[in-house]
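Below is one structure, written out as structure tokens; the observations come after it.
2 protein chains.
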Amino acid sequence: MKHTVGDVARLAHVSVRTLHHYDEIGLLKPSAHSEAGYRLYTTEDLEQLQQVLFYKELGFTLEEIRELMSDPAFDRREALSTQREMIAEQALRLDALLGLIDKTLTSLGGGIQMTKEEMFEVFGDFDPAEHEDEVKERWGNTEAYKVSARRTSKYTKDDWARHKAEADDINAGIVALMDEGVPADDPRAMDAVDRHRLLIDTWFYPCSHEMHVGLAEMYIADPRFKANYEKIRTGMAQYVHDAILACAKRAAG
Amino acid sequence: MKHTVGDVARLAHVSVRTLHHYDEIGLLKPSAHSEAGYRLYTTEDLEQLQQVLFYKELGFTLEEIRELMSDPAFDRREALSTQREMIAEQALRLDALLGLIDKTLTSLGGGIQMTKEEMFEVFGDFDPAEHEDEVKERWGNTEAYKVSARRTSKYTKDDWARHKAEADDINAGIVALMDEGVPADDPRAMDAVDRHRLLIDTWFYPCSHEMHVGLAEMYIADPRFKANYEKIRTGMAQYVHDAILACAKRAAG
DNA sequence: CTTGACCCTAACGTTACGTGAGGGTCTAGG
DNA sequence: CCTAGACCCTCACGTAACGTTAGGGTCAAG
Chain D
1 MKHTVGDVAR
11 LAHVSVRTLH
21 HYDEIGLLKP
31 SAHSEAGYRL
41 YTTEDLEQLQ
51 QVLFYKELGF
61 TLEEIRELMS
71 DPAFDRREAL
81 STQREMIAEQ
91 ALRLDALLGL
101 IDKTLTSLGG
111 GIQMTKEEMF
121 EVFGDFDPAE
131 HEDEVKERWG
141 NTEAYKVSAR
151 RTSKYTKDDW
161 ARHKAEADDI
171 NAGIVALMDE
181 GVPADDPRAM
191 DAVDRHRLLI
201 DTWFYPCSHE
211 MHVGLAEMYI
221 ADPRFKANYE
231 KIRTGMAQYV
241 HDAILACAKR
251 AAG
Chain X
1001 MKHTVGDVAR
1011 LAHVSVRTLH
1021 HYDEIGLLKP
1031 SAHSEAGYRL
1041 YTTEDLEQLQ
1051 QVLFYKELGF
1061 TLEEIRELMS
1071 DPAFDRREAL
1081 STQREMIAEQ
1091 ALRLDALLGL
1101 IDKTLTSLGG
1111 GIQMTKEEMF
1121 EVFGDFDPAE
1131 HEDEVKERWG
1141 NTEAYKVSAR
1151 RTSKYTKDDW
1161 ARHKAEADDI
1171 NAGIVALMDE
1181 GVPADDPRAM
1191 DAVDRHRLLI
1201 DTWFYPCSHE
1211 MHVGLAEMYI
1221 ADPRFKANYE
1231 KIRTGMAQYV
1241 HDAILACAKR
1251 AAG
């Protein structure tokens, strides 16, 4: 049972041009072509399209989606579960937006005035680097958190850029290991996530292995952090978590 | 107390380039400039920016936002209330997405198989036919709204399909008139939009000419309805609006 | 056969910025 | 005062994800 491009467009509420585009960029190629050159899509193609649309709904670029879905390790069920968490996170954000509107209306009605920061607190994207101290506060002791606050307050723009570059490099290394099929408890994986621990230690606060394990739990429990990793590679949050645990176990001797 | 473009960008979690762009297109112009030519934003500018970001969050184009906010009748409190409603709707949509994911997961787990339509039922855009009762609620009295609710609750898939076909036919007729250069106050144009009024009367609720005029105002004031018409043909929302007004005038004798 | 709906490829245009270039301004510290 | 880094300006090319149009072939019902 094959569908032409128009059928699919109507079913999926997208345009024919969109499907042409997805074919062109290799995101969703029809499984067959008629003798006349018509694109013919199967049910499996439709399933792929549904997945694309879910990712699109979550703000992924088409290139990101293509990479995620072309990964041999891509698992539809797992992807759906992760997407579910991300959408739940988006719902939280909408709640926050509603809260901000209510606060603004109250302010307009002569109630409590808002600070300028409050006016925009919900907008913008999640940046994990901005939340490491939040992480610390949640998982660590007060003294080390103070260390973190003292450090970060002195960082320059270049400092943050260097931190970002280093974090990106670490993540790229982890992805490479995943791509090679290196298990999360392999010494190479452990070394990679230990670089992450040292990054935190260097840039934010003293980070013991024990502390790192606490963070690892959070990386898979908190959808914001998980989404950040899943955006890079499906399954990455879990991999990082597992590697961190293995690394801590190794360090414990 | 004035803010430079960098201050505002950091506060609002947008880029400097974004603020430049908004200045260029007249969406958000700084209230002042320093002698050096720096953009200087006031608190009121920040309030405007917040409003822009809310609209942006709701998917409005920058041009739509600019038109809305440059309207002399623009009222911030009223806008916030409308935005609140729209965000609440978005939250409902997210719920529907979650439901679709759950349904898909169930299907994958060997549960009830999904139809191809179900796979994509949440995706796609605003369909005015699904919101006529919302229109009524906003513009009409409660009794007629109850009539509408009683009617639509009984409609089948086929009913909706027939309604859609009829609506599309009416729109096609209107487009044809526009293409022929028929003025909006020509009897032919009036007859065409009167078919629209009767469609509502038949499918939703009693729709007087007076009511229809109220709807017409909404069709150009509410970007969702306006976008719906503009998608069919540029200028169509205004044309329909004008024709409805002329039609009501004619009916008034 | 005819016609309308649908298909194809090709290509320019649009929206909302991202990025880089080249140069001026501001301010704190030496 | 000088310096250097952060920040400002305008200008302009590039990008992602299509929308739209052009020109022509295919399919199926009447």
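Quick note, the sequences are listed as chains D and X, same order.
Just so you know, the first sequence maps onto residues 1 to 253 in this note's numbering.
Just so you know, the second sequence maps onto residues 1001 to 1253 in this note's numbering.
Using N, Cα and C, we set each Cβ at its ideal position, and we do this for glycine too.
This one's a predicted model, so the numbers in the text were calculated from it and none came from an experiment.
If the criterion is Cβ atoms closer than 8 Å, does the pair residue i and residue j meet it?
{"i": "V1016 of chain X", "j": "G1006 of chain X", "result": "yes"}
{"i": "L1040 of chain X", "j": "H1003 of chain X", "result": "yes"}
{"i": "R84 of chain D", "j": "I1101 of chain X", "result": "yes"}
{"i": "L199 of chain D", "j": "I170 of chain D", "result": "yes"}
{"i": "L1068 of chain X", "j": "Y1055 of chain X", "result": "yes"}
{"i": "I87 of chain D", "j": "L1094 of chain X", "result": "yes"}
{"i": "C1247 of chain X", "j": "V1175 of chain X", "result": "no"}
{"i": "L105 of chain D", "j": "L1080 of chain X", "result": "yes"}
{"i": "V1122 of chain X", "j": "A1091 of chain X", "result": "no"}
{"i": "L1019 of chain X", "j": "Q1048 of chain X", "result": "no"}
Going by the DSSP bridge assignment, what does residue i pair with across the sheet?
{"i": "R1039 of chain X", "result": "X:H1033"}
{"i": "H1241 of chain X", "result": "Its beta-bridge partners do not exist; DSSP assigns none."}
{"i": "H13 of chain D", "result": "Beta-bridge pairing links H13 of chain D to no other residue."}
{"i": "H1267 of chain X", "result": "Because residue 1267 of chain X is not part of the residues shown, which for chain X are 1001 to 1253, the question remains open."}
Classify residue i as buried or exposed, calling it buried when 16 or more other Cβ atoms lie within 10 Å of its own Cβ.
{"i": "R162 of chain D", "result": "exposed"}
{"i": "E230 of chain D", "result": "buried"}
{"i": "R77 of chain D", "result": "exposed"}
{"i": "I1065 of chain X", "result": "buried"}
{"i": "P1183 of chain X", "result": "exposed"}
{"i": "I1112 of chain X", "result": "exposed"}
{"i": "H967 of chain X", "result": "Because residue 967 of chain X is not part of the residues shown, which for chain X are 1001 to 1253, the question remains open."}
{"i": "H196 of chain D", "result": "buried"}
{"i": "D1133 of chain X", "result": "Unreliable placement is indicated for D1133 of chain X, whose pLDDT of 48 sits below 50; no coordinate value is reported for it."}
{"i": "Y205 of chain D", "result": "buried"}
{"i": "M1001 of chain X", "result": "exposed"}
{"i": "F225 of chain D", "result": "buried"}
At the 8 Å Cβ level, is residue i part of the contact set with chain X, yes or no?
{"i": "E117 of chain D", "result": "yes"}
{"i": "L94 of chain D", "result": "yes"}
{"i": "F123 of chain D", "result": "yes"}
{"i": "T104 of chain D", "result": "yes"}
{"i": "I101 of chain D", "result": "yes"}
{"i": "F120 of chain D", "result": "yes"}
{"i": "L215 of chain D", "result": "no"}
{"i": "A32 of chain D", "result": "no"}
{"i": "R39 of chain D", "result": "no"}
{"i": "Q90 of chain D", "result": "yes"}
{"i": "Q83 of chain D", "result": "yes"}
{"i": "R224 of chain D", "result": "no"}
Would you please verify whether the beta carbon of residue i is less than 8 Å from any beta carbon of chain D?
{"i": "W1139 of chain X", "result": "Any reading at W1139 of chain X must be qualified, since the residue scores a pLDDT of 45, below 50, and its modelled position is unreliable; no value is offered."}
{"i": "F1060 of chain X", "result": "no"}
{"i": "Q1113 of chain X", "result": "no"}
{"i": "Q1048 of chain X", "result": "no"}
{"i": "R1197 of chain X", "result": "no"}
{"i": "A1012 of chain X", "result": "yes"}
{"i": "E1057 of chain X", "result": "yes"}
{"i": "R1017 of chain X", "result": "no"}
{"i": "L1068 of chain X", "result": "no"}
{"i": "L1108 of chain X", "result": "yes"}
{"i": "I1087 of chain X", "result": "yes"}
Give the C-beta separation of residue i and residue j to the nearest angstrom, bearing in mind that I take them to be a contact with Cβ-Cβ under 8 Å.
{"i": "M236 of chain D", "j": "M178 of chain D", "result": "7 Å"}
{"i": "A227 of chain D", "j": "E89 of chain D", "result": "6 Å"}
{"i": "L11 of chain D", "j": "F1120 of chain X", "result": "6 Å"}
Got a sec: does the ligand GTP put a non-hydrogen atom nearer than 7 Å to the Cβ of residue i?
{"i": "H163 of chain D", "result": "Because no ligand of any kind appears in the structure shown, any question about the ligand GTP cannot be addressed here."}
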